[in-house]
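Residue numbers (our numbering): 17 to 345.
Where is the CB? At the ideal position from N, CA and C, for every residue including glycine.
Notes to accompany the following structure.
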Ligand code: HEM
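Put into structure tokens, the structure is as follows:
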């Protein structure tokens, strides 16, 4: 049911964008005002969340570790599993961010007949997540060709590598296939596994359907209905140079793509998708575990008015004596 709500919302958004895109008077709203408002919400929202996180006190070093902490010289320390230098922290973070290392170690618990609790490996989630995130990044970078003139060599090189299959015309991008397959796997995992389905919220499905809608509308534009790329590039460059225009050649289908993207951008800072920023700011990941090498004094430590046991005992002495309870003094 939750999945159905989310799917209906995304389909409704796409349908509204498609229909409104046909109304001449609304093209400026859909092509300029909505994307600009969404971008403003994205930048303001992300800045707000990052500022809030950076203002939260982190009085203790709380890195999660799964290795030996650095202590005496004859005890072998795990420089990566329990990093105690900045280089170790950077290496561990890089492996986490680029390869989702902790997800690779993810295990799955299953209750089998007996009853017997069985733990097993679950590499598919890691593979699906990695495939989805990397293809999204590559597609995002390839899209820079719409915003930059001349198109940077890096973007052209990325397009070449991505289209190495050279299937059909227009050439098939491998990342398009990988992204859709990965998203469908991530969706079916939520729906097929009763445990995952139980803990899934509408928001979990919404993000997946929204990104799937974005990808499918892009794929439709590229492989099924050809769109006027020159006109779209004019619109894109107009947006980033603050001189907006919506050429009349820009079709309704592109507005579907743009409105789904605008929804994603505006929704991003207020959703779980903010893990993209959070992973960098997580104190369980970005602090070195050097507690035995260095004394860390809590910088937020301020004098606190305390009420010691001695004071409490003195205050209630008569009552404690009357109740026949023992006294320290
Ligand atoms: C990060 C957000 C975006 C995602 C995930 C995305 C996804 C996609 C995908 C998967 C395709 C299929 C073809 C390909 O991979 O190039 C595509 C095509 C396309 N996208 Fe996007 N898109 C995004 C943002 C945008 C933006 C901001 C624009 C505005 C300029 C845009 C305009 C287009 C156009 C014009 C096509 C058709 C390309 C062609 O015919 O070669 N997309 N998009």
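How would you label residue i, buried or exposed, when you count the other beta carbons within 10 angstroms and need 16 or more for buried?
i           : result
residue 310 : exposed
residue 140 : exposed
residue 5   : Residue coverage of the chain in this structure runs from 17 to 345, which leaves residue 5 outside it and unanswerable.
residue 130 : exposed
residue 214 : exposed
residue 189 : buried
residue 195 : buried
residue 234 : buried
residue 312 : exposed
residue 269 : buried
Tell me which residue opens and which closes the beta strand (DSSP E) that residue i is part of.
i           : result
residue 135 : 132-137
residue 30  : Taken as a continuous stretch (DSSP letters only), residue 30 belongs to no beta strand (DSSP E), being part of the alpha helix (DSSP H) at 18-36.
residue 125 : 123-128
Terminal residues of the continuous alpha helix (DSSP H) containing residue i?
i           : result
residue 205 : 190-208
residue 288 : From DSSP, residue 288 is part of no alpha helix (DSSP H); its letter is neither H nor E.
Below 7 angstroms, is the gap between the Cβ of residue i and the nearest heavy atom of the ligand HEM?
i           : result
residue 234 : yes
residue 114 : no
residue 238 : yes
residue 197 : no
residue 145 : no
residue 283 : no
residue 317 : no
residue 191 : yes
residue 99  : no
residue 74  : no
residue 159 : yes
residue 277 : yes
residue 261 : no
residue 230 : yes
residue 252 : yes
CA-CA distance, residue i and residue j?
i           : j           : result
residue 254 : residue 44  : 12 angstroms
residue 94  : residue 85  : 6 angstroms
residue 206 : residue 292 : 21 angstroms
residue 220 : residue 21  : 11 angstroms
residue 203 : residue 143 : 14 angstroms
residue 169 : residue 160 : 11 angstroms
residue 19  : residue 25  : 10 angstroms
Taking only beta-carbon positions, decide if residue i is within less than 8 angstroms of chain B.
i          : result
residue 21 : Going by chain labels, chain B is absent from the structure shown, which holds only one protein chain.
Query raised in the report: Hey, which unbroken runs of the alpha helix (DSSP H) at 4 residues or more fall wholly within the segment 231-284?
Result: 245-256 and 268-283
Query - Runs of alpha helix (DSSP H) wholly within the segment 63-116 (minimum 4 residues, chain order) - result: 102-115
Query - Entirely enclosed alpha helix (DSSP H) segments - the segment 294-345, minimum 4 residues - result: 299-302, 325-331 and 333-338
Query raised in the report: Counting only runs that start and end within the segment 136-185, where is the alpha helix (DSSP H) found for 4 or more residues in a row?
Result: 139-158 and 169-178
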